[in-house]
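> Quick note, the sequence shown lines up with residues 26 to 1000 if you use the numbering used here. Glycine included, C-beta positions come from ideal geometry on N, C-alpha and C.
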Amino acid sequence: MEGLSEDDILSLSDSDSCFEELIEERKTVLRQELAKITCNASEEDDESASFLDIVFSWSLKDALNEDLYKHKVQRIPETFMSTSDYLNSFIPPLIEETRSDLCSSLKGVSRAPICEIWTVIRDRFFKLPNSLFYLIKLKTRTDEVEDEVKEDIGSYEPEPGDIFAFTDIRPKNIGDLINRPKLSYVIAYVCGRKDANTNEIPIRASKCLEMDIEFEFSRLNKNETTQLRSYIEETNQPRNTKQKLYATYLLNLTTNIRIWKALKYKGEEANMNIIKDVLQPDLSRGVDCQNCKCRKSVIPVCKWYPLRSQNLNESQEVAISSCLTMCDHMVTKLIWGPPGTGKTKTLACLLRCLLRVRHRTLACAPTNTAVLEVAARLRNLVNGSLGFDTYGLGDIVLFGNKSRMKVDSYTGLRDVFLDHRVQNLSKCFDPLSGWKHYLESMIQLLEDPKEQYSSYEKEKGIVSFKDFVMQNYPSFGLQFHASKEGWELQSTDSIITEYVMQKRKDIVEQFLLDQQKKKKNMMTMEQFLLHQQEKKKNMMTMEQFIVERFGEFAAKLMFFMQILYTHLPKSFLSLEVVMKMFSVKDILTSLESKLKLILCGCKEEKNIIDCFQSSSGKCLSMLRSVSSAIPNTDFLAKGGIEKFCLQNASIILCTASGSIKLYAEDMTPIKYVIIDEAAQLKECESVIPLKLPGLKHIILVGDEKQLPALVKSKIAEKADFGRSLFERLVLLGDSKHMLNVQYRMHPSISLFPFSEFYDEKISDGPNVLERSYNERFLEGEMYGSYSFINVSKGKEQFGRGGYSSKNMVEAAVISEIIRSLKKEYLRSRKKVSIGIISPYNAQVYEIKEKVEKYNSVSFPDFSFSVRSVDGFQGGEEDIIIISTVRSNGSGKVGFLSNRQRANVALTRARYCLWIIGNATTLVNSDSVWRKVVLDAKIRDCFYNAEDDKKLALAIELELLEESESRFKKLSLWDK
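Shown next as structure tokens:
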């Protein structure tokens, strides 16, 4: 069937009985491929296309209209009458949040990543009016014309799910997207990944592009360019051949499209049991039912995997045990994990127990970072209990966007990462260069090394004397063949022996004379033998060949065996087979070492061949045994290695939105879903894992007193679009099990937040009470474990764009503190990590500008990061410095007053927490920050920045610079 096009194959007659079965099979495959190509996306179907239709229907005015959905978005209730009411309640706010996100990106278009497009061509599935599919190629430096002025073409590369705007200039503001001659607000959705062979990226555009062929000139030769210009002139299509085209990134719609699909998903196996359970309040939900007949004992789990070996506290042990003993009718469990209480450790131990009892479980979280943290903890936990190297890791799989998941920054996570697993198993099961190929090659070598050496000789052009004679001198060969003894003598070496020369001299000479007359260029036997001898000088001897080939095959086999027992699940590869693999590895290693010693003369045995053949029996037996026990590769044709890995894993880790991959047909049902950081996940996003087929239990791990999911739209925010399922169930009165011992913060740091936000229900762990936890990084009482540093001379002002506040004096104070910390580090070389937090992005930017000079890769033990409070949720550092920014006489602090944001900011530090702010403004604010300042004063932790000489000087210098800057502006204004 090779050489036929898809159309040819599809058009073949079904009546041809010889090809009928093959044709039908090929037709099915092609139709499936055609369906995938038609939509140009792995995830794009009718539901996602309908969502894109909504986004593409917005004009630029619509996208910027804050009131577009004002009267369509209703507040999401706390209880629901039906599953349809529940799912439909999220749709209007999801659309509005998408519009708001797009609006924000459009307003900041001047700062957006950008790249230049080299070519745009219509996809073969392009069809008006809505299937506006194109293929684009990006411009690279190798595409630039030599005499063209080199310019920055941008580093952005569109990824699946991206929305970008087509522009013919680099946009400096939103006005550059309006009223362009041919590109008046055209956006596109990236449908799939870049083709590795053609470098083409499939997209779907919001409007029909007018420049379909206009970018072809740059890549055509002179003759082709002339032809194209003629075509344009004949068809009266004026084209601007110098026009550039850019892709300006706006946002990524992947998560929103996945939410939309989950809300709309009505497949036959769509699971509504969990959804039904959370519609209404249920006082019994999450409560252990001690007398239930279906209650399972936790004793076997504890016996197999002792929880106490992990030094868990009582609240952690109870949390794990209560999850493992959930009754069949007990659907939902809430675990409350305040800051520093070992939530991730508890979750990892729970997953380890579920892995032992082989309860198929999905563990997910809102972000890649949170998922990676859990995966890393579980990997480390499992590592200590693996009986044979990495055997058992095949039961764990982590998947996600490879470019966004920094898997390599976590030790051991590559072993469970799906992309890496698929790549390795693909190599292993390659029919030409995989496991089976090298297994068969090794068996052949062990069975008959002489035959393998003969094959090697043929590969190198060595021809036996008999073959040479029979091929080139057939008549002489017949005479020579009469003496069997003659052939046998020749088989021992490729030279004419004295015996043959004497016995057949007259015949040979006469025959050679006859042949030379007929064929002047014919090689004589003497020439042939000399030529063969010359070739053999550059060849390995049989002994060398055996040692080298054995070593090569052994290394490959051991490599592939490690892949097999690392990446195949236990249900697919028994412990008995793995033990045989390790025996094979030992035998191969021992025999290879022995052969090498003999070859170099370090062993008494001198005959490698005899040694090899005498030792091969046991090795052959073990190899055959392992070969018969390795499963066949039928699963490769039933959906591929990726689907196989997901179907057979016991523990699956991914983001909540990424779990939509498990909606695939024939996917093995999931029993448990565990959502980490559940209070930070929009409830509509949690619908994705909750609808998985077969799901019995949902465990939510989180803390509603920390920040919820970020919502950009004020309309969607008022509608409680950012509220999590965790928070709603707590509001309905669901019981939650609290982790009540914290292991992160020095007691002086934890004192205020745990009193203010958690009613003093959390105690300090033994580690933070030890004297060694009282770390000091700078001299002076101001830089103790907990301090409020008052900066009264600061002035708040708007940063870039006018949407966020900054305080340059506070930034200068923090810069001076970082300078002092760096100086102290260079003196003591004491490792320290610093986190600088501010609620305002403009302040984050200014602080980064000031402290960047202290950053250096030469000193990895001195590290600092500057982030917003929202960006620091879940993080922790040795020292945390908070810049509160607000400084005014009225006590206005804006969204700084948010208690959840304050809780996050105040609970990130391990050893030292230093709060920078204007005490007067904060006390007058009547917010939680008033309590922070008053508490610091009561505890004698309140200090004035000007009392420190270095800080006072930094403040004065900053004030002088601000005065000078204002003076220059006034002078320019007067002119």
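Beta-carbon within less than 7 Å of Q672's beta-carbon, same chain only, minus the 5 sequence neighbours each way: which residues are those?
Hits under 7 Å: M692, T693.
> Is E987 helix, strand or coil when you go by DSSP?
If DSSP states are grouped into helix, strand and coil, E987 belongs with the helices.
> Going by beta-carbon coordinates alone, are I9 and F751 separated by less than 8 Å?
Residue 9 lies beyond the stretch modelled for the chain, which goes from 26 to 1000, so this question has no answer here.
> Measure the CB-CB distance between Y865 and K831 and report whether it falls below 8 Å.
Closer than 8 Å, so yes.
> Within 10 angstroms of its Cβ, does P183 collect 16 or more other Cβ (buried), or is it exposed?
With 16 or more Cβ atoms within 10 Å of its Cβ, P183 is classed as buried.
> From which residue to which residue does the alpha helix (DSSP H) around E841 run?
Per DSSP, E841 belongs to the alpha helix (DSSP H) from 833-853.
> From T366 to R381, what does the alpha carbon distance come to, in whole angstroms?
Each residue's Cα considered, the two are about 25 Å apart.
> Exposed or buried, what is E989 when buried is set at 16 or more other beta-carbons lying within 10 Å of its beta-carbon?
It is exposed - the Cβ of E989 has fewer than 16 other Cβ atoms within 10 Å.
> For the 8 Å Cβ check, are there 3 or more pairs between the stretch 782-794 and the stretch 897-914?
Output reads no: the stretch 897-914 does not touch the stretch 782-794.
> Taking DSSP as the reference, what is the three-state secondary structure of A934?
It is a strand residue.
> Could you check where the alpha helix (DSSP H) with R892 kicks off and where it finishes?
First-last for R892: 887-893, but that is the beta strand (DSSP E), not the alpha helix (DSSP H).
> Considering G860, what are the terminal residues of the beta strand (DSSP E) in which it resides?
857-863 is the span of the beta strand (DSSP E), which, as asked, contains G860.
> When DSSP builds the beta bridges, which residues end up paired with P227?
For P227, which the question treats as bridged, DSSP gives the partners L160.
> Do you know offhand how far E467's Cα is from F575's?
Here the sequence assigns Met to residue 467, which means Glu is not the residue at that position. Going from the Cα of M467 to the Cα of F575 covers about 7 Å.
> Count the other C-beta atoms from every protein chain shown that fall within 10 angstroms of the C-beta of Q868, then say buried if there are 16 or more, exposed otherwise.
Per the 10 Å Cβ criterion, buried.
> Using the Cα positions of L202 and V876, report the straight-line distance between them to the nearest angstrom.
For L202 and V876, the distance between alpha carbons rounds to 36 Å.
> Mind checking who C679 pairs with in its DSSP beta bridge?
For C679, which the question treats as bridged, DSSP gives the partners C389.
> Once DSSP output is grouped into helix, strand and coil, what is the label at N405?
Reduced to three states, the DSSP call for N405 is helix.
> Spatial neighbours of D972 within its chain, please: C-beta separation below 8 Å, excluding the five flanking residues on both sides.
Counting only Cβ-Cβ distances below 8 Å, and skipping sequence neighbours, we find M807.
> Which residues in the same chain have their Cβ closer than 6 Å to the Cβ of P594, if we skip the five residues on either side of it in sequence?
Hits under 6 Å: G419, D420, N673.
> Helix, strand or coil: how does DSSP classify E182 here?
In the structure shown, E182 sits in coil (DSSP, three-state: anything other than H, G, I, E or B).
> Between L613 and M564, which are expected to be in contact by the criterion C-beta below 8 Å, what is the C-beta distance as a whole number of angstroms?
Their Cβ separation, rounded to whole angstroms, is 25 Å, which puts L613 and M564 out of contact at 8 Å.
> So what's S67 in DSSP terms, helix, strand or just coil?
Note that S67 scores a pLDDT of 37, beneath 50, so its modelled location is shaky; the value from the coordinates is reported in the next line. S67: coil per DSSP, three-state reduction.
> Could you check if V882 is buried or exposed, using at least 16 other CB atoms within 10 Å of its CB as the buried criterion?
V882 comes out exposed.
> Please classify F597: does DSSP put it in a helix, a strand, or coil?
It is coil, neither helix nor strand.
> If we require 3 or more residues per run, which beta strand (DSSP E) segments fall completely within the stretch 722-772?
Counting whole runs of 3 or more residues, the stretch 722-772 contains the beta strand (DSSP E) stretches 722-727.
> Can you tell me whether K721 is buried or exposed, with buried defined as 16 or more other CB within 10 angstroms of its CB?
With 16 or more Cβ atoms within 10 Å of its Cβ, K721 is classed as buried.
> Can you grab the Cα-Cα spacing for the pair L470 / I634, in whole Å?
When rounded, the distance between both Cα atoms is 11 Å.
> Going by the DSSP bridge assignment, what does V215 pair with across the sheet?
Bridge partners of V215: I228.
> Is it buried or exposed for D353, if we count other Cβ within 10 angstroms and need 16 for buried?
Classification for D353: exposed.
> In the DSSP assignment, find the unbroken beta strand (DSSP E) run with K358 in it and report its ends.
Taken as a continuous stretch (DSSP letters only), the beta strand (DSSP E) holding K358 covers 357-361.
> Can you tell me the Cβ-Cβ gap for A272 and F189, rounded? I've got them flagged as a contact below 8 Å.
That pair is a contact at about 4 Å.
> Bridge partners of D784, per DSSP?
D784 pairs with nothing; no bridge assigned.
> Compute the beta-carbon to beta-carbon distance between A287 and I677, rounded to the nearest angstrom, for a pair I have assumed lies under 8 Å.
Not quite, the Cβ-Cβ distance comes to about 17 Å (not below 8 Å), so this is no contact.
> If you check the beta carbons only, do D903 and V838 fall under 8 Å apart?
Not a contact, by the Cβ cut-off of 8 Å.
> Taking 8 Å as the threshold, find out whether the stretch 793-810 comes into contact with the stretch 388-401 through three or more Cβ pairs.
No: the two stretches stay apart, fewer than three of their Cβ pairs being nearer than 8 Å.
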